[in-house]
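Each remark here refers to the structure printed beneath this line.
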Amino acid sequence: MDSKKRIRRLAFYFIYGFIGFFLFRLAYGYASSSPKEDDPFDYISDFFEGNSGLKRNYASDKYMNTSSIKAKYSEQESAPVTVISEQKFEKIASLQSRTEEFEKDEKTVRGLVGRYNSLIQYEHNQGNPGYRQVHLSIGVPPAQFDSMITDIRKVGKLLAIQVTKTDKTNEYRNMNAQKASLEKTRTTLMELRDKPGKIDEYMALTNRILEIEQQLQELGVSLGDFDAENEFCTVRLTLAEREKYVPPTISILHRIKVALEWTIKYYFVFVSTIALIFFSAFCITRVADWLKPVMARINKK
1 MDSKKRIRRL AFYFIYGFIG FFLFRLAYGY ASSSPKEDDP FDYISDFFEG
51 NSGLKRNYAS DKYMNTSSIK AKYSEQESAP VTVISEQKFE KIASLQSRTE
101 EFEKDEKTVR GLVGRYNSLI QYEHNQGNPG YRQVHLSIGV PPAQFDSMIT
151 DIRKVGKLLA IQVTKTDKTN EYRNMNAQKA SLEKTRTTLM ELRDKPGKID
201 EYMALTNRIL EIEQQLQELG VSLGDFDAEN EFCTVRLTLA EREKYVPPTI
251 SILHRIKVAL EWTIKYYFVF VSTIALIFFS AFCITRVADW LKPVMARINK
301 K
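Counted from 1, the sequence shown has number 171 at position 171 by the working numbering; the numbering is strictly sequential.
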């Protein structure tokens, strides 16, 4: 009677285990059908990377620089002097966002451009409905830069953001020094051209003056980007469309079939593993029991 109860109890344990495996696989099937947060759509290549043909924006910032100098012709100690210095810099924010409401979010971005008195300096559209992308390079007034970034981050789902600030003060000063040097050279050459001389020398001087004037024009265009009236920071945005996720429609019978097949396969493996472990333990115990008298005899000898 006891043996029958043990067999019955063991059978119930196996049945409960089978039901537990089955319910686990069925629940996993439902859970795995939900949309995932991390998927291949969460990666968007950087469209603006390596694109050197875009307009460069520069801004300036004044700061106080305190230093000490010694008064001339006196034995007075050094006195602190405050100098107002100006820094020229380039500030770029690169954002990549994904949206399921492409037209609405694109309209929101264009509304932000107008609200913050910004300019769309470059625009590129690509893709068919469902897979559209818009790439915008926006010039933003420095005072509005942080607010603009805060609002654009809320459009769609932000995947990546990077803000880079590069000091351009030395480059700006070098360009001004180069301009002054070219203007001085042009003045000297024009004075030489007004003096009498050979025609070929006159032509050479004229060509050289024209080259210098062309370099001055190019420098003027570059320096114009640093003009206080043209000061902007840059926001580069890539807005990519993704179709709304529609979970697959799987019938309950199909889910039960898949769960049952999985349970039969892996529950058999589980039970076989447990049985193998118990059988191995039983064999080791029997061998140990058999070795005990043998070892006892050997110790007596």
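For each residue, glycine too, the CB sits at the ideal point set by N, CA and C.
All figures in this text were calculated on a predicted structure; none of them were measured in a lab.
Note the first and the last residue of the continuous alpha helix (DSSP H) segment covering Glu171.
-> 169–193
Where does Cys283 land, buried or exposed, given buried means 16+ other C-beta within 10 angstroms?
-> Of the residues assessed, Cys283 falls on the exposed side of the cut-off, its CB having fewer than 16 other CB atoms within 10 angstroms.
Could you please give the first and the last residue of the uninterrupted beta strand (DSSP E) stretch that includes Val235?
-> 233–241
According to the neighbour-count rule (16 or more other Cβ atoms, all chains shown, within 10 Å of its Cβ), is Asp57 buried or exposed?
-> It should be pointed out that residue 57 corresponds to Asn in this sequence rather than to Asp. Its Cβ being crowded by 16 or more others within 10 Å, Asn57 is buried.
Find the nearest neighbour of Leu136 within the set Ser97, Pro129, Thr166, Phe12, judged by alpha-carbon distance.
-> Closest option to Leu136, judged by alpha-carbon separation, among Ser97, Pro129, Thr166, Phe12: Ser97.
When the Cα atoms are used, what is the spatial distance from Ala93 to Glu211?
-> Straight across, the Cα-Cα distance linking Ala93 with Glu211 is about 37 angstroms.
For Glu100, which beta-bridge partners are listed by DSSP?
-> Its beta-bridge partners do not exist; DSSP assigns none.
In the DSSP assignment, find the alpha helix (DSSP H) that holds Ile149 and state where it starts and stops.
-> 145–152
Would you decide whether Ile152 is buried or exposed? Buried here means 16 or more other CB atoms lie within 10 Å of its CB.
-> buried
Hey, quick one: how far does the beta strand (DSSP E) through Ile120 stretch, first residue to last?
-> 119–126
Under three-state DSSP, which class holds Phe279?
-> In the structure shown, Phe279 sits in a helix (DSSP, three-state: H, G or I).
Lys198 to Ala204 span [Cα, whole Å] = 10 angstroms
Local Cβ density within 10 Å of Val221, reported as buried at 16 or more and exposed below that = Residue environment for Val221: exposed (fewer than 16 other C-beta atoms within 10 angstroms of its C-beta).
Note down, in chain order, each residue of its chain lying with its Cβ closer than 7 angstroms to the Cβ of Val113, except the 5 sequence neighbours on either side.
-> Ile120, Ile138
From Thr234, Thr238, Lys88, pick the residue whose C-alpha is nearest to that of Val163; which is it?
-> Thr234
Contact under 8 angstroms by Cβ, Gln239 with Val134 = It should be noted that the sequence gives Leu, not Gln, for residue 239. Yes, they are a contact pair.
Measure the alpha-carbon distance for Thr108 versus Gly17 and round it to whole angstroms.
-> 55 angstroms
What did DSSP end up calling Asp46 once you bin it into helix, strand or coil?
-> DSSP places Asp46 in coil when its eight states are reduced to three.
Quick one: Cα of Arg132 to Cα of Arg242, how far?
-> 8 angstroms
Indicate the three-state DSSP secondary structure (helix, strand or coil) for Thr263 in the structure shown.
-> helix
Gly130 (DSSP reduced to helix, strand or coil) | coil
On the three-state DSSP scale, how would you describe Ile250?
-> In the structure shown, Ile250 sits in coil (DSSP, three-state: anything other than H, G, I, E or B).
For Leu216 and Leu182, the rounded distance between their alpha carbons = 7 angstroms
Using the beta-carbon count (16 or more within 10 Å), is Met295 buried or exposed?
-> exposed
Cβ-Cβ distance between Glu218 and Arg186 below 8 angstroms = no
Quick one: is Phe14 buried, meaning 16 or more other Cβ sit within 10 Å of its Cβ, or exposed?
-> Exposed: under 16 other Cβ atoms inside 10 Å.
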